[in-house]
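Input: a single structure, listed below in structure tokens.
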DNA sequence: AATGAATGAGCATTCATTCAT
DNA sequence: GATGAATGAATGCTCATTCAT
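Chains as they are written, first to last, in this note's numbering: chain F, 39 to 279; chain U, 39 to 279; chain R, 39 to 279; chain P, 39 to 279.
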């Protein structure tokens, strides 16, 4: 017990904390936590696919129950309403990014960013339909559930933010508004999922990652001469109130 | 035919061609084209708002009829099914980008791109909810209707493509896969609509445009030394089948 | 037009005012008032029977629709929820008492009371199951609807109150707490409906009315000697706060 | 057997006989009678409250189990169906009147009746919601269960019948149809529960009892002259077939 | 004896679409 | 052309009851 491997332990912590984030928002009537976790997994597997194919509103509880060979009543012992299943699905999707693994080893900021982008984009590509689903159906969620998805997205962004700030501090990247550029990088990852109907005909994933990595690193490169706006003092950029 | 006023003609062409694109997909029972056009406009105005607020599936025909002070039966004389109204709405949204106005004046490619970005991003910001709607509800459309929205989006991209290709040809921009970078630029515009819940708290539109313009132009700048990958021969990048 | 008979007019007023009492509580989607009135009548006829037989909660909308040879959707164009049908039913039942006709002619208070009792009890007996229904299912209604049924019941009681007060003022009846005795009379009428499973085996309606009339008039008679409590000053009877 | 303390014995008899009346109608799977009796008591306590608040049909077995901190399965070991719990509840309510205590001491019939009324009305007032419940939900019971509640109500009435008959025989009360007048007295007691929403605002319980006692005794008083209908021969009153 | 997860028929309500007027 | 009442299949959710543990 005393000598658990840190990585295994962290993995465990992470899985647990995913449930911990979601469960308080979903009133389950079933007590046994391991059963609940199993059922959640089954629900996600079945529902994610259906939601992707037909959309949330066009997927019925009967569809989900049928695919799981379970009764509708059984589903409602684990969730209170249909939206809860969507929350489960989206939370699991967003959580994948927490599994990007140990942060890239120290070293050249550009290399660290490259690696982070590669991992992040690969996670997206591994399940593009889920990313699409998140864009399409997030609006269905309200209140705390909606907030949770937003929070989880922003938390994921933090890894990029850290690398960017470090790179800027070390003079490897040009100065920029880090929050915006962070989202640029994230967005260009999501783009693979959002526009795959077009991009997929042009390039494969590796080429896409290479292209976007070039684009991003080039955008961050410090330029000679007038490249970087001299007069720009970040703090003075007007914030919108 | 020869002496129509250019401006009137262009405006007319454009409006007509929007209808021309959409009408063959929508079986209206009403003959009078100007009446149809008027009703389409009313439908779009009412439905767009409702779809944005509640989503397509959660908006009823009664909602739309009620907002228009028209009968449900009347609506069904102009469209065949509910999805047609969505098509109308999305087509109108996508059409806004055709109105970017006269192409930027010849000159420095960077200046032309700057100007194009500025206009494009402003159009998005002028009606962010519609962009959001397009991302959320496009999947509802099937067949030709879905294809039309894709085509219209790609057509809009052409203006960026042209400027990029010109800039590369003239050595102002680094070499890159133009279709991808085009979509990057477009995507970072959509991002203002998609992530405004976050970005809107950080920057205002002008700052956003400035930041992204810097980002994009920096990404396109030719760099000293190894910045541009020497060994890269674009045509050899494997296409995905 | 100018010379409508008063009675006919009053009858008309009354029917209208019944609708006027109920309609503001029921959001109907149908405009045509005469159609609404007709449908309300049909709904009441079908639902009252079903509610009496099986109870409100055990009667389904399908039952009602089936009995009316109407679609469920049609019902929901006239009412917003199932409870509305119950309100309709109870309101109609309570309204029957407004039709007791012109108040008994002036004369001996005992005679007027006798006549009022006779009429009131006959109305109950004419549709005992509805009275039973009111006792059983009123609790289902909430808010304004519940209040309306209470108000209508109390309004009916007023006729008895007036006769009692008049009789007491004229020395024909002993002094008593009029509101309580009023409800006694009303209650002994309801009793015919509530306990008919027992009473119906013992007496017929006329005998019942005769018996109860004797009971009530005897109870109200002024007695010699100690019959009427001398020391009792009505105003001093403690009111419950 | 001979030397049990009277009080203990009576209490025991009564409790036992209540169970004896109900148990044959309820198939319990549990053998131990004292356990069954305890569970019945718990069920009644929990269910009565819930039935009063939400009605029988709107109270779920889960509600009851939850309130008792017992499993639904456990409940179904003591009763066969949900209706059994209602029977239990109503039987207990009706049984309260068996506990009116030793019959009023011999003496003046009016005094005995006064005392009986006082006790009976107090029992009702002590748990008015249960009386309301009986009126509302009795119809749910069918067959023997329904009959049992009717029988128990009529048995309670017997005490009043006896006093009335005695009073009439001794010339203290006027002649009347005893069964009807008995129910009048009972009904005016129930009225406190049924119309408390109105009466409770006018009088307190003691005033109510005083008022009704006056009303009833006055109704039973023999009057001078034509007060009592001479020509009336009770046996000839037509019975309803 | 007790538990509580599972079942699945049942129900209120919605809403796209039709069609008689 | 326009109206709006009617249709009825569809759907989310409930809950009495069962039964394996």
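For glycine and all other residues, C-beta sits at the position ideal for the given N, C-alpha and C.
- Put simply, the CB of residue 222 of chain P is near chain R, with a gap under 8 angstroms to one of its CB atoms.
- A distance below 8 angstroms between beta-carbons, with the five flanking residues on each side excluded, links residue 162 of chain U to the following residues of its chain, in chain order: 169, 227, 228, 230, 231.
- For residue 195 of chain F, the enclosing alpha helix (DSSP H) begins and ends at 181-207.
- Leaving aside the five residues that flank residue 156 of chain U on each side, the residues in its chain whose CB is nearer than 8 angstroms to its CB run, in chain order, 247, 251.
- Note on geometry: alpha-carbon atoms of residue 111 of chain U and residue 111 of chain R lie some 17 angstroms from one another.
- Beyond the five residues adjoining it in sequence on each side, residue 198 of chain U comes within less than 6 angstroms, by CB distance, of 220, 223 in the same chain, given in chain order.
- With fewer than 16 other CB atoms across the displayed protein chains lying within 10 angstroms of its CB, residue 67 of chain F is exposed.
- In the DSSP assignment, residue 90 of chain F falls within the unbroken alpha helix (DSSP H) covering 71-92.
- For residue 95 of chain R, the chain P residues whose Cβ falls inside 8 angstroms of its Cβ are 93, 95, 96, in order along the chain.
- For residue 85 of chain F, the CB contacts under 8 angstroms within the same chain, skipping 5 residues up- and downstream, are 97, 102, 123, 124, 126, 127 in chain order.
- Residues of the segment 249-263 of chain F with a C-beta less than 8 angstroms from any C-beta of chain U: 249, 250, 252, 253, 254, 256, 257, 258, 259, 261, 262, listed in chain order.
- Between the segment 180-189 of chain F and the segment 135-155 of chain F, the count of Cβ pairs shorter than 8 angstroms is below three; the stretches do not touch.
- In the three-state reduction of the DSSP assignment, residue 145 of chain U falls in the coil class.
- By the neighbour-count definition (other C-beta atoms within 10 Å, threshold 16), residue 55 of chain R is an exposed residue.
- Residue 106 of chain P sits in a helix when the DSSP states are folded into three classes.
- Per DSSP, reduced to three states, the secondary structure at residue 113 of chain R is helical.
- The alpha-carbon separation between residue 202 of chain R and residue 216 of chain R amounts to approximately 7 angstroms.
- For residue 82 of chain F and residue 120 of chain F, the gap between their C-alpha atoms comes out near 12 angstroms.
- About 4 angstroms separates the Cβ atoms of residue 147 of chain R and residue 210 of chain R, confirming a contact at the 8 angstroms cut-off.
- Collapsing the DSSP output to three states places residue 118 of chain U in coil.
- Around the Cβ of residue 154 of chain P, a 10 Å sphere holds 16 or more other Cβ atoms; the residue is buried.
- Cβ-Cβ distances below 6 angstroms link residue 254 of chain P to 223 in the same chain, with the five nearest sequence neighbours on each side left out; the list follows chain order.
- Rounded to whole angstroms, the gap between the alpha carbons of residue 212 of chain F and residue 87 of chain F is 42 angstroms.
- Counting only the Cα atoms, residue 76 of chain P lies some 10 angstroms from residue 70 of chain P.
- Shown here, residue 126 of chain R sits in a helix according to DSSP, grouped into three states.
- Interface with chain P (8 angstroms Cβ-Cβ cutoff): residue 159 of chain R is excluded.
- The three-state reading of DSSP puts residue 256 of chain U in helix, counting H, G and I together.
- Taking C-beta separations shorter than 8 angstroms and ignoring five residues to either side along the sequence, the partners of residue 175 of chain U in its chain run 89, 93, 94, 124, 128, following chain order.
- Interface with chain R (8 angstroms Cβ-Cβ cutoff): residue 233 of chain P is included.
- Under the criterion of beta carbons closer than 8 angstroms, residue 218 of chain U and residue 240 of chain F qualify as touching, at roughly 7 angstroms.
- The Cβ neighbour count for residue 109 of chain U, taken over all protein chains shown within 10 Å, is under 16; the residue is labelled exposed.
- Check the Cα spacing between residue 188 of chain P and each of R:115, R:177, R:233: the tightest is with R:233.
- By the criterion of a C-beta distance shorter than 6 angstroms, residue 190 of chain U is surrounded in its chain by 132, once the five residues flanking it on both sides are discounted.
- Against chain U, the beta carbon of residue 225 of chain F has neighbours under 8 angstroms at 225, 226, 229, 232, 233, listed in chain order.
- Taking a Cβ-Cβ cut-off of 8 angstroms, residue 132 of chain F has no neighbours in chain U, whose nearest Cβ is about 14 angstroms from it.
- Across the structure, residue 158 of chain U and residue 164 of chain U are spaced so that their CA atoms are roughly 10 angstroms apart.
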